[in-house]
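What follows is one structure encoded as structure tokens, with my remarks underneath.
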Amino acid sequence: MDEQNPMSGPDQWESDLSRRYPAARTEAAADHSEADHSERAFRNHEAEARPSVKAFYRLNHQYQTVDFVRRKRDEFLSLDRQRMGIWEAMEFLNTLVDDSDPDTELSQIEHLLQAAEAIRADGHPRWFILTGLIHDLGKILCLFGEPQWAVVGDTFPVGCAFSSSIVYHDFFRLNSDWDHPVYSTQSGIYEPQAGLDHVMMSWGHDEYLYHVTKTYLPPEAQYMIRYHSFYPGHRENAYQHLFSDQDRRLFQWVRKFNPYDLYSKSDARPDVESLKPFYRELIDEFFPPELAW
Ligand code: FE
Ligand code: FE
Numbered sequence: 048m049d050e051q052n053p054m055s056g057p058d059q060w061e062s063d064l065s066r067r068y069p070a071a072r073t074e075a076a077a078d079h080s081e082a083d084h085s086e087r088a089f090r091n092h093e094a095e096a097r098p099s100v101k102a103f104y105r106l107n108h109q110y111q112t113v114d115f116v117r118r119k120r121d122e123f124l125s126l127d128r129q130r131m132g133i134w135e136a137m138e139f140l141n142t143l144v145d146d147s148d149p150d151t152e153l154s155q156i157e158h159l160l161q162a163a164e165a166i167r168a169d170g171h172p173r174w175f176i177l178t179g180l181i182h183d184l185g186k187i188l189c190l191f192g193e194p195q196w197a198v199v200g201d202t203f204p205v206g207c208a209f210s211s212s213i214v215y216h217d218f219f220r221l222n223s224d225w226d227h228p229v230y231s232t233q234s235g236i237y238e239p240q241a242g243l244d245h246v247m248m249s250w251g252h253d254e255y256l257y258h259v260t261k262t263y264l265p266p267e268a269q270y271m272i273r274y275h276s277f278y279p280g281h282r283e284n285a286y287q288h289l290f291s292d293q294d295r296r297l298f299q300w301v302r303k304f305n306p307y308d309l310y311s312k313s314d315a316r317p318d319v320e321s322l323k324p325f326y327r328e329l330i331d332e333f334f335p336p337e338l339a340w
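Heads up: the sequence shown at position 253 corresponds to 300 in my numbering, and the numbers run straight through without jumps.
So, in structure tokens, the structure goes:
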């Protein structure tokens, strides 16, 4: 832990999400999430996060600016760092150390397998299972030396006004884009209904992995990967003025995916070795032996 990395690891943010959005819902309920903003979720939303998580949000909201996102996109989206297969990337991500208790916390591979296994148990298609397996591989950004606030955290559009539904919205007053004449307006640098593909999201593991994997996956899977941390969009229904009809249609899949990310964590620890053959075959069905990272 240091000033740039106040949490014990990136997963402390995910634990805080399950506190904010308690598991009141079933898979079926997730399909109508606009309608069922439970009061419970709101209450938890307002309750204080742990000090380390709050410190993390302060950094995230302060430093995710248009300039910052442009720089990170230039730096990482050329994908010329490393060539690795998917399983190799999973093992690489697993070397990420979390200072919290290893007896209670799942390893990175365990979280990925648990999400995938829960999706598989519900009888979803193979591409959906695969999406669960890989959805957090973008967190290898931490291993490339990026601070937590530039890897995880709820994502949101930059270049337009920050929605008041974003957790710890007040911290955006520290952001240098806060009183920018254009960026502080509702649509900012974007056309209304521009479609999210034309919108720059705050930088993190979603956007990065989307670019690494997009050519190999169906659009539903691309959306799940690219927007799974966009809680203001898929849980709070914010930024509707930037959504296209396609975004609205495909966000149903982002919402379908979310419970597997947040609520499979309490299930039994998956047995990595016994699951490996099934998942290696699934990976080979969609991906080449090596991808550009
Ligand atoms: Fe994630
Ligand atoms: Fe996750």
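We put the CB at the ideal spot given by N, CA and C, even for glycine.
Pick helix, strand or coil for Asp83, following the three-state DSSP scheme.
Low per-residue confidence applies at Asp83: pLDDT is 47, beneath 50, and the placement is therefore not dependable, though the value from the model is reported in the following sentence. Note: Asp83 maps to coil in three-state DSSP.
Neighbour-count burial assignment, Glu337, 16 or more Cβ in a 10 Å radius:
exposed
On the three-state DSSP scale, how would you describe Asn52?
Strand at Asn52.
If you scan the region 220-297 from start to end, which runs of the alpha helix (DSSP H) of 4 or more residues do you find wholly inside it?
252-260, 266-274, 278-281
Name, in chain order, the residues that DSSP records as bridge partners for Arg130.
DSSP, once it has assigned bridges, lists Ala339 as partnering Arg130.
Go through its chain and collect everything with a Cβ distance to Met271's Cβ below 6 Å, but skip five positions before and after it.
Excluding sequence neighbours, Met271 sits near Thr178, Trp300, Val301, Phe304.
Express the C-alpha separation of Leu153 and Pro98 in angstroms, rounding to a whole number.
22 Å
Does ligand 2 have a heavy atom nearer than 7 Å to the CB of His182?
yes
Excluding the 5 residues preceding and the 5 following Leu188 in the sequence, name in chain order all residues of the same chain whose CB lies nearer than 8 Å to its CB.
Phe123, Ala197, Val198, Gly251, His252, Tyr255
Is the CB-CB distance between Ser311 and Ala165 below 8 Å?
yes
What three-state label does DSSP hand Pro204 in the structure shown?
Taken through DSSP and simplified to helix, strand or coil, Pro204 comes out as strand.
Determine the DSSP secondary structure at Arg105, reduced to helix, strand or coil.
helix
Assigned exposure category for Gly170 - 16 Cβ within 10 Å defines buried:
Gly170 should be labelled exposed.
Please work out which residues of its chain come closer than 6 Å, Cβ to Cβ, to Ile176, disregarding the five sequence neighbours upstream and downstream, and give them in chain order.
Ala163, Ile166, Arg167
Any contact between the region 320-340 and the region 280-288? By contact I mean 3 or more CB pairs, one from each, below 8 Å.
no
If you count every other CB in all the chains shown that lies within 10 Å of the CB of Met48, and 16 or more means buried, which is it?
exposed
Between the region 125-134 and the region 208-224, can you find at least three pairs of beta-carbon atoms closer than 8 Å?
Cβ pair count under 8 Å is below three, so no.
DSSP state of Tyr68 mapped onto helix, strand, coil
Look at Tyr68 here: in three-state DSSP terms it is coil, with no helix or strand label.
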